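Numbering (our numbering), first residue to last: 321 to 697. Let me begin by presenting the structure, written as structure tokens, before commenting on it.
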């Protein structure tokens, strides 16, 4: 039993016994008990008033001195209040730290509740979108960012990929927006200025397009002359035969590079959706095999294909043809001098379709493999 409760029980017993003794001595037992109960009730009322006045201040001021059960009540509530105040101070400190580092971020951050209402933003977001705290806080996000592309993106709810929009206030500013969902369908919008990055990408695309276009004509002329000269090697001294063959080989290689640059430029600048067809994989690989066998020169080529003949893919016929033929042609190109032995195998797996091209070539240094998909590597 708590000390305060025991003290309070002893107090009640003492008052009751005293009232009984006094009543027996004076012959006024009932009035004595009523008077004792009245004075105890007044004392309780006084304690209640002190308790209320102390609670009303809502500060960390020490509680009034008291004993018994009221002393325990004051002590428990005082400790609870102190703990709450310390927790509030800790949370306030954390909040100030969060506001400090979010203010230092270059990325704009916007918090959006499940109804699409803006509840908070940082300084970078205020600059990017020209938000005004007095008028824009607690407003729907689509009322402030009215770009049609963003409205469709926000309402669709598919935030796997970011979206680029033009700033409503500055047409020359490109903003990339990414949204993450957390909690109870609340959303965090992250925005950053990617204008410089998009300008560099455009410069690179223009450079690739211009290089491929400007090199094509002079390279075609040079290749034409070299091919004509190569066809008439007998009219040249023996000393020129090997240089002409090497020049012819290198012009073909340069033509392939220019063709690849043109393809890259076309793919990067094309905004149209590629037409997709149903493609029989067996038929496509069989045709690629026949084309690869035509590459046979001084070394034999053996290409075996293995896979079901009823597997079909949905995609771009030309792009799949290009990708798969590159795999097979490179296997032929880099095979051993004594001959190419290539196996093309495709089969269904739990994750989809797996196609592999195995050859007996010189192989590739493992350090190059992570960078195979990089442009121009």
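Backbone N, C-alpha and C fix where the C-beta goes; we use that ideal spot for every residue, glycine too. Bear in mind the structure is a predicted one, so any value in this text is a computation, not a measurement.
Outcome for residue i when other beta-carbon atoms lying within 10 angstroms are tallied against a minimum of 16
i, result
"residue 451", "buried"
"residue 442", "buried"
"residue 509", "buried"
"residue 444", "buried"
"residue 367", "buried"
"residue 579", "exposed"
"residue 461", "buried"
"residue 551", "exposed"
"residue 329", "exposed"
"residue 532", "buried"
"residue 676", "exposed"
"residue 601", "buried"
"residue 689", "exposed"
Sub-9 Å separation of residue i and residue j beta-carbons
i, j, result
"residue 613", "residue 605", "no"
"residue 356", "residue 335", "yes"
"residue 496", "residue 482", "yes"
"residue 597", "residue 637", "yes"
"residue 448", "residue 438", "no"
"residue 536", "residue 582", "yes"
"residue 615", "residue 621", "yes"
"residue 342", "residue 371", "no"
"residue 391", "residue 327", "yes"
"residue 679", "residue 652", "yes"
Per-residue DSSP class, three states only, for residue i
i, result
"residue 427", "coil"
"residue 494", "strand"
"residue 328", "helix"
"residue 486", "strand"
"residue 693", "coil"
"residue 396", "helix"
"residue 450", "coil"
"residue 625", "strand"
"residue 637", "helix"
"residue 677", "strand"
"residue 508", "strand"
"residue 340", "helix"
"residue 600", "strand"
"residue 652", "helix"
"residue 526", "helix"
"residue 661", "strand"
"residue 272", "Any answer about residue 272 is impossible in this case: the structure gives the chain only from 321 up to 697."
"residue 501", "strand"
"residue 437", "strand"
"residue 620", "coil"
"residue 672", "strand"
Close Cβ partners of residue i (< 6 Å) along its chain, the five nearest in sequence each way excluded
i, result
"residue 501", "507"
"residue 555", "none"
Own chain, CB closer than 7 Å to residue i, minus 5 neighbours either side, in chain order
i, result
"residue 504", "434"
"residue 414", "none"
"residue 521", "none"
"residue 485", "467, 469, 470, 495, 497"
"residue 528", "581, 584, 585"
"residue 575", "539, 543"
Cβ-based neighbour list, residue i, same chain, cut-off 8 Å, excluding 5 preceding and 5 following
i, result
"residue 464", "438, 449, 451, 456"
"residue 599", "632, 633, 634, 635, 637, 640"
Within-9 Å CB hit, residue i to chain D
i, result
"residue 442", "Any reference to chain D falls outside this structure, which holds one protein chain only."
Could you check whether the region 622-636 touches the region 658-667, counting it as contact only if at least three pairs of C-beta atoms, one from each stretch, sit closer than 8 Å? yes
Check whether the region 393-400 and the region 362-381 are in contact - that is, three or more C-beta pairs closer than 8 Å. yes
Three or more C-beta pairs below 8 Å linking the region 427-437 and the region 401-410: no
Could you tell me whether the region 628-643 touches the region 674-687, using the rule of 3 or more Cβ pairs below 8 Å? no
Three or more C-beta pairs under 8 Å: does that hold for the region 570-586 against the region 541-550? yes
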